[in-house]
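Here's the structure we're looking at; comments come further down.
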Amino acid sequence: MPVFRPDEVSQWVSSPWKNGMPEEPITGVSKDTRTLVPGDLYIALRGENFDGHDFVADAFSKGAAGALVDAGFQGLEGPLLQVPDTLAGLQDLARGYRRKWLGTTVVGITGSVGKTTVKEMCADVLSMQGATHRTAGNYNNHIGLPLTMLTMPETAKYGVFEIGMNHPGEIETLTEMLEPTIGIMTDIGSAHQENFDSLEDIALEKARLLEQLPASGSAILDRDSEWFPLMKNHTCAGVLTVSLKGVADYSGQKTGSSAMRVNGFDYTLPLPGEHIMRNALLAIALGLGQGMKPSEVAEGLRKFKLPPMRWEAAEVRGIRFINDAYNANPLSMRANLQTFNDLSGTGKKWAVLGGMLELGSTAEQEHAELGRFIDGLQLDGVITVGEVGQWIVCKGPQRFLQTLEASEAAQILKDNLAAGDRVLLKASRGERLEQVLEYFKEM
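Sequential numbering of the sequence shown, starting at 1, is according to my numbering.
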């Protein structure tokens with residue numbers, strides 16, 4: 001973990017210490033007194049349902065070295081840094097610390113789908129060549145990114161960071177704070193569309209990452225994407241291209257359900273599916289672009305492990321569940337359903353689907369289009385769960401059922417499946433579709 005001098009922290013947030021300066025170095029940053037450890041700087045953030053200033057005294061009782069608080073806070077518990085806004089102060093801390101990363105290659109990753117998978121693959125690959133820091137989980141927003149930056153050792157060779165957004169302007173703010181030297185763009189699709197007027201507006205927002213890359217940096221882009229020309233035109237950095245369909249700097253050809261050849265070298269992938277190949281291709285391009293040998297890149301990919309609830313397999317009474325209920329949007333839904341549909345083997349295949357959230361005025365149309373996509377698959381059964389999920393209307397040959405409760409979906413599975421069958425669970429995080437599996441286990 002990095003260590004911060006109290007005087008430099010004061011400079012980064014442009015505020016003198018009140019109630020005295022900490023006598024010892026600051027050894028971490030925390031926004032939650034439940035996980036705070038002695039030596040941390042406590043950040044008193046405000047949210048819709050909480051105010052971190054209510055816990056400043058608790059932070060000092062647990063050994064906080066100091067606290068970052070709003071200008072109006074008048075506590076006397078210990079050393080304070082008073083700023084106009086503590087969220088902006090947290091981001092200023094990250095900006096200040098970023099200037100100490102001498103010699104670190106900083107990778108920023110954004111897109112609509114696949115960000116966390118690509119981030120993990122890239123970090124696993126780069127870790128074969130040197131100390132690599134990465135975003136924890138999906139800590140990719142206006143709070144998570146600066147917190148992640150403040151945990152990176154300044155001597156790390158590589159930093160791999162995921163950049164997310166919900167509203168216009170966020171990508172530019174986060175990228176300006178991170179100052180990446182390499183930018184990677186995953187697939188662009190309808191995600192968080194409730195806050196954007198069109199898919200092009202989403203693409204333009206994502207392109208803000210590429211706009212801020214230095215001319216000496218590089219952007220890794222998929223030539224197969226319909227947004228490739230737009231992305232390429234929004235950066236002055238060098239561009240490295242990947243493709244599964246044509247000519248590129250790094251061209252991949254499928255050689256098996258979980259294998260592909262890139263520029264003459266064979267790679268084994270951790271999971272099946274074209275979307276996994278595209279994700280891996282971006283990580284391969286990053287590693288090779290950094291001068292790594294193909295064999296080193298391949299070894300790094302073999303280290304990859306999916307985060308929880310992303311194609312997470314579990315077997316209950318001989319029935320194999322694939323839990324991909326961490327999140328969903330139209331692109332990821334189609335990719336996962338197609339991959340599930342294409343799995344070889346005997347036994348029935350059922351999909352349990354919940355709603356895709358944050359799609360704004362396009363939500364009902366997107367769910368109906370997903371239903372038409374499912375019509376073209378060869379699934380044995382489809383269950384939709386919840387009010388939004390019922391917008392998915394299937395007319396194909398597969399059995400189609402609708403429920404409002406996860407427990408009802410679990411009962412339908414129990415009544416219709418046997419050992420050797422498979423089930424895919426997929427929905428947005430807010431739908432909590434993993435409850436279907438939990439109910440099924442208890443039956």
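The C-beta atom is built at its ideal place from N, Cα and C for all residues, glycine as well.
Original post:
Is Phe50 buried or exposed, if buried means 16 or more other CB atoms sit within 10 Å of its CB?
Top reply: It counts as exposed.
Subject >> Opening and closing residue of the alpha helix (DSSP H) in which His133 lies >> reply: For His133, there is no enclosing alpha helix (DSSP H); the enclosing beta strand (DSSP E) has its first and last residue at Thr132 to Arg134.
Original post:
Under a three-way DSSP split, which group does Trp227 fall into?
Top reply: The three-state reading of DSSP puts Trp227 in coil, since its state is none of H, G, I, E or B.
Subject >> Beta-bridge pairing of Phe373 - partner residues as DSSP gives them >> reply: According to DSSP, residue pairing for Phe373 in a beta bridge does not occur.
**OP:** Can you grab the Cα-Cα spacing for the pair Lys206 / Val239, in whole Å?
**Re:** It is roughly 16 Å from the alpha-carbon of Lys206 to the alpha-carbon of Val239.
**OP:** Report back the beta-carbon spacing between Asn446 and Val118 to the nearest angstrom; my notes put them in contact at under 8 Å.
**Re:** In this structure the chain extends from 1 to 443, so residue 446 is not present and cannot be described.
**OP:** Counting only runs of 3+ residues fully inside the segment 34-107, write out the beta strand (DSSP E) ranges in chain order.
**Re:** Residue ranges of uninterrupted beta strand (DSSP E) with 3 or more members, entirely inside the segment 34-107 and ordered along the chain, are 40-43, 66-70 and 80-83.
Original post:
Who does Ser30 pair with in a DSSP beta bridge?
Top reply: For Ser30, which the question treats as bridged, DSSP gives the partners Tyr42.
Original post:
So is Leu404 buried or exposed if we call it buried at 16+ other beta carbons inside 10 Å?
Top reply: Exposed, since its Cβ has fewer than 16 Cβ neighbours within 10 Å.
Subject >> Coil, strand or helix - Phe265 by DSSP >> reply: Correct three-state label for Phe265: strand.
Subject >> Spatial neighbours of Asn336 in its chain, beta-carbon cut-off 7 Å, leaving aside the 5 residues before and after >> reply: These residues qualify, in order along the chain: Asp324, Leu424 and Lys426.
**OP:** Can you say whether Val3 is buried or exposed, counting buried as having 16 or more other CB atoms within 10 angstroms of its CB?
**Re:** Under the 10 Å beta carbon count, Val3 is surrounded by fewer than 16 other beta carbons and is classified as exposed.
**OP:** Taking Ile43 and Leu90 to be in contact with their CB atoms under 8 Å, please state how far apart those CB atoms are, rounded to whole angstroms.
**Re:** Contact flag correct, Cβ pair sits at about 5 Å.
**OP:** Determine the contact status of Val107 and Ile184, defining contact as a CB-CB distance below 8 Å.
**Re:** When the beta-carbon positions are compared, Val107 and Ile184 come within less than 8 Å of each other.
Original post:
What do you get for Asn233, buried or exposed, if any count of 16 or more other CB atoms within 10 angstroms of its CB means buried?
Top reply: Flag for Asn233 reads exposed.
Original post:
Closest to Ile348 by CA distance: which of Arg98, Leu210, Asp421 and Ser258 is it?
Top reply: What sits at residue 348 in the sequence shown is Lys, not Ile. Measuring from the Cα of Lys348, the nearest candidate turns out to be Asp421.
Original post:
Closest by CA to Glu217, which one among Leu359, Leu87 and Gly289?
Top reply: In the sequence as presented, Glu is not what sits at residue 217; that position holds Gly. Out of Leu359, Leu87 and Gly289, Gly289 has the C-alpha closest to the C-alpha of Gly217.
Original post:
How close, in whole Å, do the beta carbons of Leu370 and Met333 come, if the pair is a contact with beta carbons under 8 Å?
Top reply: Between Met333 and Leu370 the Cβ distance is about 6 Å, and since that is below 8 Å, they are a contact.
Subject >> Continuous beta strand (DSSP E) stretch holding Thr255: start and end >> reply: Counting along the chain, the beta strand (DSSP E) containing Thr255 begins and ends at Tyr250 to Gly256.
Subject >> Pair within 8 Å by beta-carbon distance, His142 and Leu178 >> reply: No, the pair does not count as a contact, with Cβ atoms beyond the cut-off.
Original post:
Quick one: is Arg278 near chain B, going by C-beta distance under 8 Å?
Top reply: Structure shown: chain B not included; a single protein chain is present.
**OP:** List the endpoints of the continuous alpha helix (DSSP H) containing Ile276.
**Re:** For Ile276, the enclosing alpha helix (DSSP H) covers residues Glu274 to Gly289.
Original post:
Three-state secondary structure (DSSP) at Ile392?
Top reply: Note: Ile392 maps to coil in three-state DSSP.
Original post:
Quick one: Cα of Asp375 to Cα of Gln338, how far?
Top reply: So the alpha carbons of these two residues sit roughly 12 Å apart.
**OP:** Measure the C-alpha to C-alpha separation of Thr255 and Asn263 and round it to an integer number of angstroms.
**Re:** Approximately 13 Å between the Cα atoms of the pair.
Original post:
According to DSSP, is Ile143 helix, strand or coil?
Top reply: When secondary structure is reduced to three states using DSSP, Ile143 falls in the coil class, being assigned neither helix nor strand.
Original post:
In chain order, what residues of the same chain lie with their CB nearer than 7 Å to the CB of Glu162, ignoring the 5 residues before and after it?
Top reply: Ile109, Lys115, Thr116, Lys119, Thr135, Asn138 and Asn140, listed in sequence order.
**OP:** Figure out for me which residue from Gly355, Ser243, Glu431 and Lys303 has the closest Cα to the Cα of His275.
**Re:** Minimum Cα distance to His275 is reached at Ser243.
Original post:
Per DSSP, His400 is paired with what?
Top reply: In the sequence as displayed, the identity of residue 400 is Phe instead of His. Note: Phe400 sits in a beta bridge opposite Val382.
**OP:** Any chance you could list the alpha helix (DSSP H) runs of at least 4 consecutive residues sitting entirely within the segment 157-193, in chain order?
**Re:** As far as the segment 157-193 is concerned, its whole alpha helix (DSSP H) runs of at least 4 residues are 170-178.
Original post:
Roughly how many angstroms lie between the CA atoms of Ser295 and Ala259, to the nearest whole one?
Top reply: C-alpha separation (whole angstroms): 14 Å.
**OP:** Take Pro272 and list the residues in its own chain whose beta-carbon comes closer than 8 Å to its own, dropping the five residues that flank it on each side.
**Re:** Here Pro272 has Ser257, Ser258, Thr339, Asp342 and Leu343 as same chain residues with Cβ atoms under 8 Å from its own Cβ, once five neighbours each way along the sequence are excluded.
**OP:** Indicate whether Ala313 and Ile322 have their beta-carbon atoms separated by less than 8 Å.
**Re:** Contact flag set, yes.
Subject >> Nearest-angstrom Cα separation, counted from Ser407 out to Lys62 >> reply: Distance between the alpha carbons of Lys62 and Ser407: 42 Å.
**OP:** Sort Glu358, Ala351 and Gly300 by Cα distance to Asn327 and report the nearest one.
**Re:** Out of Glu358, Ala351 and Gly300, Glu358 has the C-alpha closest to the C-alpha of Asn327.
Original post:
Out of Ala215, Arg261 and Thr186, which has the shortest C-alpha to C-alpha gap to Trp227?
Top reply: Cα-wise, what sits closest to Trp227 is Thr186.
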